[in-house]
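Report on one structure; see the data block that follows.
Residue numbers (my numbering): 816 to 984.
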């Protein structure tokens with residue numbers, strides 16, 4: 816495994832791909848970026864839900880080895896830069912990660928950290944499954960039949976225009 820200056824690699828194993836199939840060990844290392852603003856609150860809730868789901872599904876036989884990596888305000892304080900190369904290295908090495916909301920620094924020359932991560936890692940698709948949750952009121956006659964998946968392109972269109980100055984003002 817790679818050496819990291821700011822992040823600590825926990826005991827666990829990498830998720831790998833072999834013959835086109837994902838291989839998930841019993842204790843996969845999953846990097847996370849806590850995020851800025853409400854990020855720490857969202858992360859705390861997310862982590863407890865994910866860990867409870869894994870406990871329920873696997874009865875203690877599996878768990879995630881969480882590895883904090885840095886981006887945003889925390890990275891700027893720890894590493895002196897908003898989006899360290901080390902973070903990209905960890906996200907690439909460990910294959911699966913989770914990220915909270917990040918601040919876009921104010922000032923010239925710094926683009927959206929969220930968009931930068933999407934572009935560098937080619938995270939071109941935002942996939943949003945939509946299903947009805949039993950017990951939640953719905954205006955639909957048969958909400959249990961709702962099964963929709965929304966695919967949103969994440970690196971072009973609005974994002975490209977938002978980050979890159981347009982000739983048409």
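Even glycine gets a Cβ: it sits at the ideal position worked out from N, Cα and C.
Once you ignore the five residues that flank residue 817 on each side, which residues in its own chain have a CB closer than 7 Å to its CB?
So the qualifying residues of the chain are 904, 908.
Is residue 858 helix, strand or coil when you go by DSSP?
The answer is helix: DSSP assigns residue 858 an H, G or I state.
Would you mind stating whether residue 965 and residue 946 have Cβ atoms separated by less than 7 Å?
Contact flag unset, no.
Are the Cβ atoms of residue 986 and residue 838 separated by less than 7 Å?
Outside the shown range of the chain (816 to 984) lies residue 986, about which nothing can therefore be said.
Assuming residue 783 is part of the alpha helix (DSSP H), what are its boundary residues?
In the structure as shown, the chain begins at 816 and stops at 984. Residue 783 is therefore absent and cannot be evaluated.
Report yes or no: do the region 916-935 and the region 882-899 share at least 3 C-beta pairs separated by less than 8 Å?
Taking a cut-off of 8 Å on C-beta distances, the region 916-935 touches the region 882-899, as three or more cross pairs fall below it.
Which residues in the same chain as residue 910 place their Cβ atom closer than 6 Å to its Cβ, once the five residues preceding and following it in sequence are excluded?
Counting only residues of its own chain and dropping the five nearest sequence neighbours on each side, residue 910 has a CB closer than 6 Å to the CB of 830.
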